[in-house]
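Position in the sequence shown counted from 1, then plus 11, gives you my numbering. To keep things clear, I will list the structure first and then write my remarks on it.
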Amino acid sequence: MKKIAFIVQRYGIEVNGGAEYYCRVLAERLTGTYEVEVLTSCALEYVTWANWYPAAITTINGVKVNRFPTEYERQAKDHLQYETERKIKKWSRPEEWHGLGWLRMWGRALVGKTVRRYSLLWAQHQGPYTPDLITYLERNHRQYDALIFITYLYYPTIAGLNIAPKSRFLFQQLTTKRPFTCLYSSGYSTSPGNFISHISRKALRSKTVSERSHL
């Protein structure tokens, strides 16, 4: 039986969220066809990402859930996150490279002030910041036939997408939040892979959802 891992920011029956709900329903549907494991944080809510669940391996409705702690809680007004987002937006504009603008960008790169670096800082403050989860993926990704990331906007996905690019999938579930284009066009997560924009209700109800997912 093939083994797949879902990587999602939160997971649990108590968790309220669209992406998290899709992940839980899909994971439970696939347990009859695949060996399914979920890699997630210990957070229950997404405002601070405070650890609520224990960092342990449990089973929920037949799905193995491996939780990793968040390193710090997100603040309501995070000045550093605001500044990094502002710089990412500014430095990703095409006009920044016109004329002598490329000299400024080159100078910034020399001192490490790149869009890639600020993208990582932004993702860490966006949370949930779970470096142990990323370390686990780096060391153990070969035991999975597929890595499925849900959704695009949070640290576990942004930091984990470059791991095993040939076997990873991303359910984007896009919103209009601006940093998306900056984060994913900066070279931070641009490896070839499989991107799935949404999960249809029909697919979730279907017994052949595994075939629809092309795993």
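Ideal Cβ positions, reconstructed from N, Cα and C, are used throughout, including at glycine.
Checking the DSSP bridge columns, you'll see I174 has no partner listed. From the listed residues I24, A38, Y32, the smallest Cα separation to L158 is found for A38.
Each residue's CA atom was taken as its position, placing R153 and T70 some 22 Å apart. Per DSSP, the continuous alpha helix (DSSP H) segment holding E39 begins and ends at 29-41.
When secondary structure is reduced to three states using DSSP, R153 falls in the helix class. The three-state secondary structure of R78, taken from DSSP, is strand.
The three-state secondary structure of L164, taken from DSSP, is coil. Residue range 14-19 is occupied by the beta strand (DSSP E) that includes K14. Assigned with DSSP and collapsed to three states, A54 falls in strand. When only Cα atoms are considered, L132 and R179 end up about 23 Å apart. By the beta-carbon neighbour count (other beta carbons within 10 angstroms, threshold 16), V58 is exposed. Between the region 45-62 and the region 17-27, the count of Cβ pairs shorter than 8 Å is three or higher; the stretches touch. The C-alpha of W63 lies about 27 Å from the C-alpha of K14. Here the alpha carbon of L41 sits roughly 24 Å from the alpha carbon of E149. The beta carbons of L172 and L181 sit closer together than 9 Å. In the DSSP annotation of this structure, the continuous segment of the beta strand (DSSP E) that includes R179 starts and ends at 179-182. Spatial neighbours of L144 in its own chain (CB-CB distance under 6 Å, excluding positions within 5 residues in sequence) are listed in chain order as L50, F79, P167. In the structure shown, T69 falls within a strand segment according to DSSP collapsed to helix, strand and coil.
DSSP lists no bridge partner for L144.
P65 is the residue among P65, Y33, N72 whose C-alpha sits nearest the C-alpha of T81.
In this structure, the alpha-carbon of Y33 lies about 12 Å from that of I18. Between the alpha carbons of S130 and A61 lies a distance of about 22 Å.
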